[in-house]
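2 protein chains.
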Amino acid sequence: MIIMRTPKGWTCPPQVDGQQVEGTFRAHQVPLPAARTDGTHRAVLEQWMRSYRPEELFDESGRPVPELLDLPPTGTRRMSDNPVANGGSLLRDLDLPDWRAYGVDVPNPGTTSHEATKVLGTWLRDVTRRNPSTYLTMAPDELASNRLQDILDVTGRKWQVEEGRFDERLDRQGRVVEVLSEHICEGLLEGYLLSGRHGAFTCYEAFIHIVDSMFNQHAKWLQASAQVAWRRPLASLNYLLSSHVWRQDHNGFTHQDPGFLDVVLNKDPSIVRIYLPPDANTLLSTFDHCLRSRHYVNVVVAGKQPQFDYLSVEDAALHCARGAGIWDWASNRDDTGTLPDVVLAAAGEIPTLEVLAAAAILRERLPDLRVRVVNVVDLMRLLPEDEHPHGLSDRDFDTLFTATQPVIFAFHGYPWLVHRLTYRRANHSGIHVRGYKERGTTTTPFDMVMLNDLDRFHLVMDVIDRVPALGASCAGLRQEMADARLRARTYTREHGLDDPEVSSWTWPG
Amino acid sequence: MIIMRTPKGWTCPPQVDGQQVEGTFRAHQVPLPAARTDGTHRAVLEQWMRSYRPEELFDESGRPVPELLDLPPTGTRRMSDNPVANGGSLLRDLDLPDWRAYGVDVPNPGTTSHEATKVLGTWLRDVTRRNPSTYLTMAPDELASNRLQDILDVTGRKWQVEEGRFDERLDRQGRVVEVLSEHICEGLLEGYLLSGRHGAFTCYEAFIHIVDSMFNQHAKWLQASAQVAWRRPLASLNYLLSSHVWRQDHNGFTHQDPGFLDVVLNKDPSIVRIYLPPDANTLLSTFDHCLRSRHYVNVVVAGKQPQFDYLSVEDAALHCARGAGIWDWASNRDDTGTLPDVVLAAAGEIPTLEVLAAAAILRERLPDLRVRVVNVVDLMRLLPEDEHPHGLSDRDFDTLFTATQPVIFAFHGYPWLVHRLTYRRANHSGIHVRGYKERGTTTTPFDMVMLNDLDRFHLVMDVIDRVPALGASCAGLRQEMADARLRARTYTREHGLDDPEVSSWTWPG
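Read top to bottom, the protein sequences are chains L and Y. 1365 is the number of the first residue of the first sequence in the numbering used here; add one for each residue after it. 1365 is the number of the first residue of the second sequence in the numbering used here; add one for each residue after it.
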């Protein structure tokens, strides 16, 4: 590499109007601002242009002379045709192990638990091993915190300088890049993808905002480069966001921000994808899909704490292919030929848990109520089909969510985002969204959902408030729910833990 | 200042289970993870705790011994009560010149032009002069580009090291901090505000995303600190965003991103404010308000290119106090006692221009059509009154925008943001929003609005499509509008400039 340092505006008129231009800030952009109207400036401009001796560089027709045309290299030695600058031309599929072999057994939904990202880590370990020169994981010192440490069984953290006496798992050829700078992680990964390889960036959800602007530019680049015929598609930029807003039990308010999704959704629909897998097997299926995809930005938000398993590998594959679907085992009296009284929808790990717990309460206490439970993994399904390639048709949306019945939607992020996605749907005014409304602190998991009215008890209250046939006739149950919230809050304040009645709940089957 | 560097986990058990802990990563967070269940770990924990000799530090009741209680300083010498750490207690109002004296004359709306931020710069120059120790302007090398260079008439750019031969306007005591790092600008300004002083940060609109995460944390800090009784309110954090999405004629797609507004709106409504003044006088009035406010984040988006003046200083003051209001001089047959056939609403400099040009076409071509023109300066007015302190009541909103008539809303930013703000309004399904939908490139101003269907001709087409009484009966006018778009695009492609018919348009009065 040759680095040449030149004066700013080198070879431009040294002075204009008696002021130094060459080598100063005045050479920025327009050194002769008055050339259009001022004869002196125009003369200086002409003199400047002539100083390059165009008569020696071009022939009569304006074509560069042969001596110049012979200079540039040809073929892939041209800078613009260097394969590394068109990484898609070098890109090869990853050798991916079958994710189903890494899935967890789910004898009954909502009873066994796993750390979803820990399970994903076992698969990523083998992705890393099988693709030793084409797959990297980036992490801002959060690989183990996000439970992906199994990758370190087959590689080390990339490290080129001295090792301390007690350092561990450092490796000059390491396939994990850990550096506590989200900017560096993002920049290195973008470069790696642009040069025709694959990777993922795992980050605390709140802190991925640090690279908002870099993400914006990468998404713009993908959108613009897709219009250039000779540019080949790149591997997608995959974000795995964990340590999310709902489980910052120790870190608190500074670590609670699910707003990266809002930033991502402003970019072109042909480029961006958002997934909210609710358990380990759906996370495996989702990430397998992401690592096979091309020229997207995939954002996956997943939990790292022990959380229920809901779907077997087969069911997870089907559910993720659908993107959004009914969980009939969790629904109640959602019979063919009759509309449900209410749709309980969830997108995200914690909202899914609370919706299921609410559905269980409703099934027990209002057994005649027809409740449809819908789970959304692929958030883009909510958009109209003419606004996003994954968007559901109005017919499919209205079939799933109904065109008329109240929908209580428990969402992982800021609640208005769901409105933004669904405002064109027939049933939009019937969709009532609960999500994170910037109410946070250092507290227990259930206290966090209560602070934002996303908890099971409040969801039951929402159902009572929104289903016309309930309302005043369910005042007693509604009051019980309000009391249950108060009891749970009091328990948290007294014990510093969630009430075991809440934290030991399992799906009743 | 004393800086002491200690080993990580200094004084914790040096080894646990035969592995070095003190001075290594194992001392992070929980050095004895098994202390609850493992007797050996628990014994090590007890030995560790006893190593601090608690019997010498506390008396029988658990109270620190008098020798310790005598150590801490008292009053404002306590770290927590140092006034600089509670900057609001030191905060004094700025000495602000009357902004009206800096306003421009507006003999007729939409005929004379000014660079709005240049006009603001004359006022900020005198704000800077009058408050030489309590007001700073931060800019990432964009002060002059954003047209605030008049401030440099009374101060220089802060600079502490060597000066080059051709450097200008550098000053050890400078009141302008220019450094090409949005992070540093933001960080220095936050520190300045936290220690009880005032300031503003001017930035290219697209690149303020660089500090999304820092903004998030500052907003969270303001929200949380407002709950602490002894903390006094700070001066607001004021952003002046210019060089915005619609006027990146030379820079293009990388510089086109109005999405900071979406990030800001995720934060607590008690903290955030967004203003979109359409001309010079409304910008002056808005910024005067911002510099008087406390404990907010104010985001002001304004133009720097020559743009029409619409409101006199008196009218600007009234309009900004209202936040959103009818421009009766631009409306047509919006008579008392009759609903308008359509509401044309605008928020932002360029949308206001296009809405007025559309209103002029409608007035000329469909003189019987009742058209109400509404301008929104204070974006929070669109929110319900129970969601934001500035929110309009439903009654006021329905009076202004009607509860039944079609609303064509031309918006500065991403169009879905207006839906997010208005989805609870009675007329929400009647609100049709045009805005930036991530269609950008390096092109002329009018080509940019055409790319995003925000241009005057498309707005007229939207009116024809949405007003039931028009539609097929106006097919001829609709076709003329489509043709006008094609003509304008062709002209741009041929001449590299906008069609003078468009660019020299003025309000017909």
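We treat Cβ as the ideally placed atom computed from N, Cα and C, and that holds for glycine.
Against chain L: residues of the region 1617-1640 of chain Y by CB proximity under 7 Å: The residues in question are Phe-1617, Thr-1618, Asp-1621, Gly-1623, Asp-1626, Val-1627, Asn-1630, Lys-1631, Asp-1632.
Buried or exposed (CB count within 10 angstroms, at least 16 for buried), Y/His-1859: Taking the second sequence and counting its residues from 1, the one referred to as residue 1859 of chain Y is at position 495. The residue is exposed, with fewer than 16 neighbouring Cβ atoms inside 10 Å.
Cutoff 9 Å: L/Trp-1374 Cβ touching any chain Y Cβ: Walking along the first sequence from the start, residue 1374 of chain L turns up at place 10. Closer than 9 Å: no.
Beta-ladder partner(s) of Y/Glu-1542, from DSSP: As a working note, residue 1542 of chain Y is residue 178 in the second sequence. Its beta-bridge partners are Y/Ala-1503.
Within chain L, the residues that Y/His-1573 reaches when beta carbons sit closer than 7 Å: Residue mapping note: residue 1573 of chain Y aligns to position 209 of the second sequence, counting from 1. Asp-1576, Ser-1577, Asn-1580, listed in chain order.
Given L/Asp-1517 as reference, the closest of L/Phe-1530, L/Arg-1493, L/Asn-1791 once Cα atoms are compared: The residue given as residue 1517 of chain L occupies position 153 in the first sequence. Of the listed residues, the one whose Cα sits closest to L/Asp-1517 is L/Arg-1493.
Under 7 Å from the C-beta of L/Ala-1588: neighbouring residues of chain Y: Within the first sequence, numbered from 1, the residue matching residue 1588 of chain L stands at position 224. The answer, in chain order, is Phe-1617.
Reduced DSSP category for L/Gln-1620 - H, G, I as helix; E, B as strand; rest coil: The count along the first sequence starts at 1 and reaches residue 1620 of chain L at position 256. Here L/Gln-1620 sits in coil by DSSP.
DSSP beta-bridge partners of Y/Ala-1711: Here residue 1711 of chain Y refers to the residue found at position 347 when the second sequence is read from its first residue. Bridge partners of Y/Ala-1711: Y/Phe-1775.
Chain L contacts from the region 1775-1792 of chain Y (Cβ-Cβ distance under 7 Å): Those residues of the region 1775-1792 of chain Y that come within reach of chain L (Cβ to Cβ, closer than 7 Å) are Tyr-1778, Trp-1780, His-1783, Arg-1784, Tyr-1787.
Cut-off 7 Å between Cβ atoms - residues of its own chain near Y/Ala-1398, not counting five sequence neighbours on either side: Here residue 1398 of chain Y refers to the residue found at position 34 of the second sequence. His-1405, listed in sequence order.
Interface flag, Y/Gln-1537 vs chain L, CB-CB below 9 Å: Taking the second sequence and counting its residues from 1, the one referred to as residue 1537 of chain Y is at position 173. Cβ-Cβ to chain L under 9 Å: no for Y/Gln-1537.
Minimum Cβ-Cβ distance from Y/Thr-1388 to chain L less than 9 Å: The residue given as residue 1388 of chain Y occupies position 24 in the second sequence. Answer yes: the Cβ-Cβ gap between Y/Thr-1388 and chain L drops below 9 Å somewhere.
Segment limits, beta strand (DSSP E) that includes Y/Glu-1479: For the purposes of this step, residue 1479 of chain Y is taken as the residue at position 115 of the second sequence. Taken as a continuous stretch (DSSP letters only), the beta strand (DSSP E) holding Y/Glu-1479 covers 1477-1479.
Close beta carbons around Y/Lys-1482, own chain, < 6 Å, minus the five adjacent residues each side: By 1-based counting over the second sequence, the position of residue 1482 of chain Y is 118. Correct list, in chain order: Arg-1511.
Secondary structure, beta strand (DSSP E): runs of 3+ residues fully inside the region 1537-1606 of chain Y: 1540-1542, 1562-1568, 1601-1606
Start-end ranges of the beta strand (DSSP E) lying completely within the region 1660-1695 of chain Y, minimum 3 residues: As far as the region 1660-1695 of chain Y is concerned, its whole beta strand (DSSP E) runs of at least 3 residues are 1661-1665, 1670-1672, 1688-1690.
Contact set between L/Lys-1584 and chain Y, taken where Cβ atoms lie within less than 7 Å: In the first sequence, residue 1584 of chain L corresponds to position 220, counting from 1. The contacting residues are Phe-1617, Thr-1618.
Cut-off 8 Å between Cβ atoms - residues of its own chain near L/Glu-1844, not counting five sequence neighbours on either side: To locate residue 1844 of chain L, count along the first sequence from 1; it is residue 480. Cβ neighbours of L/Glu-1844 beyond the five flanking positions: none.
Any chain L beta carbon closer than 9 Å to Y/Phe-1530: For the purposes of this step, residue 1530 of chain Y is identified with residue 166 of the second sequence, where counting begins at 1. Yes, its Cβ sits closer than 9 Å to a Cβ of chain L.
Distance between Y/Asp-1811 and Y/Ala-1852 (C-alpha atoms, nearest Å): Position 488 of the second sequence, counted from the first residue, corresponds to residue 1852 of chain Y. Position 447 of the second sequence, counted from the first residue, corresponds to residue 1811 of chain Y. Rounded to the nearest angstrom, the two C-alpha atoms are 8 Å apart.
is_contact[L/Gln-1384, chain Y] using C-beta, thresh 9 Å: Counted from its first residue, the first sequence places residue 1384 of chain L at position 20. Yes, L/Gln-1384 counts as interfacial toward chain Y.
Alpha-carbon to alpha-carbon, L/Trp-1594 and L/Val-1429: Against the first sequence, residue 1429 of chain L aligns to sequence position 65. Against the first sequence, residue 1594 of chain L aligns to sequence position 230. Approximately 28 Å between the Cα atoms of the pair.
Straight-line gap, Y/Asp-1576 to L/Gly-1623 (C-alpha atoms, nearest Å): Counting from one through the second sequence, the residue named residue 1576 of chain Y turns up at place 212. Counting from one through the first sequence, the residue named residue 1623 of chain L turns up at place 259. Distance between the alpha carbons of Y/Asp-1576 and L/Gly-1623: 10 Å.
Nearest neighbour of Y/Glu-1479, chosen from Y/Pro-1378, Y/Pro-1496, Y/Phe-1672 [CA to CA]: Residue numbering aside, residue 1479 of chain Y sits at position 115 when the second sequence is read from its first letter. For the residues Y/Pro-1378, Y/Pro-1496, Y/Phe-1672, the minimum Cα distance to Y/Glu-1479 belongs to Y/Phe-1672.
Min CB distance L/Glu-1802 to chain Y below 9 Å: As a position in the first sequence, residue 1802 of chain L is number 438, starting the count at 1. Yes, its Cβ sits closer than 9 Å to a Cβ of chain Y.
Sub-9 Å separation of Y/Ala-1767 and Y/Gly-1799 beta-carbons: Within the second sequence, numbered from 1, the residue matching residue 1767 of chain Y stands at position 403. Within the second sequence, numbered from 1, the residue matching residue 1799 of chain Y stands at position 435. Their beta carbons are not under 9 Å apart, which means Y/Ala-1767 does not touch Y/Gly-1799 by this criterion.
8 Å Cβ shell around L/Cys-1376 - same chain, five flanking residues per side excluded: Taking the first sequence and counting its residues from 1, the one referred to as residue 1376 of chain L is at position 12. Excluding sequence neighbours, L/Cys-1376 sits near Val-1385, Glu-1386, Ala-1391, Pro-1395, Trp-1412.
Where Y/Tyr-1466 falls: helix, strand or coil (DSSP): Along the second sequence, one-based indexing puts residue 1466 of chain Y at 102. Of the three classes helix, strand and coil, the one that applies to Y/Tyr-1466 here is helix, per DSSP.
Rounded straight-line distance, which links the Cα of Y/Pro-1779 to that of L/Trp-1523: Taking the first sequence and counting its residues from 1, the one referred to as residue 1523 of chain L is at position 159. Taking the second sequence and counting its residues from 1, the one referred to as residue 1779 of chain Y is at position 415. Cα to Cα, the separation comes out at about 46 Å.
Any C-beta of chain Y under 9 Å from that of L/Ala-1570: As a position in the first sequence, residue 1570 of chain L is number 206, starting the count at 1. So, interface residue.
L/Pro-1641 versus L/Asp-1705 - alpha carbon distance: Taking the first residue of the first sequence as position 1, residue 1641 of chain L is located at position 277. Taking the first residue of the first sequence as position 1, residue 1705 of chain L is located at position 341. Rounded to whole angstroms, L/Pro-1641 to L/Asp-1705 spans 26 Å at the Cα level.
Within 9 Å, strictly: CB atoms of L/Ala-1599 and L/Val-1636: Numbered from 1 along the first sequence, position 235 holds the residue referred to as residue 1599 of chain L. Numbered from 1 along the first sequence, position 272 holds the residue referred to as residue 1636 of chain L. Their beta carbons are not under 9 Å apart, which means L/Ala-1599 does not touch L/Val-1636 by this criterion.
Residue of Y/Ser-1676, Y/Pro-1748, Y/Met-1825, Y/His-1683 minimising C-alpha distance to Y/Val-1468: Within the second sequence, numbered from 1, the residue matching residue 1468 of chain Y stands at position 104. Of the candidates Y/Ser-1676, Y/Pro-1748, Y/Met-1825, Y/His-1683, the one whose C-alpha sits nearest the C-alpha of Y/Val-1468 is Y/Ser-1676.
Beta-carbon contacts of L/Asp-1762 that lie in its chain and below 8 Å, excluding the five residues immediately before and after: As a first step, residue 1762 of chain L is located in the first sequence; it is residue number 398 there, counting from the start. Result list for L/Asp-1762: Arg-1789, Ala-1790, Asn-1791, in chain order.
Cβ contact check for the region 1673-1693 of chain L and the region 1611-1619 of chain L: 3 or more pairs under 8 Å: no
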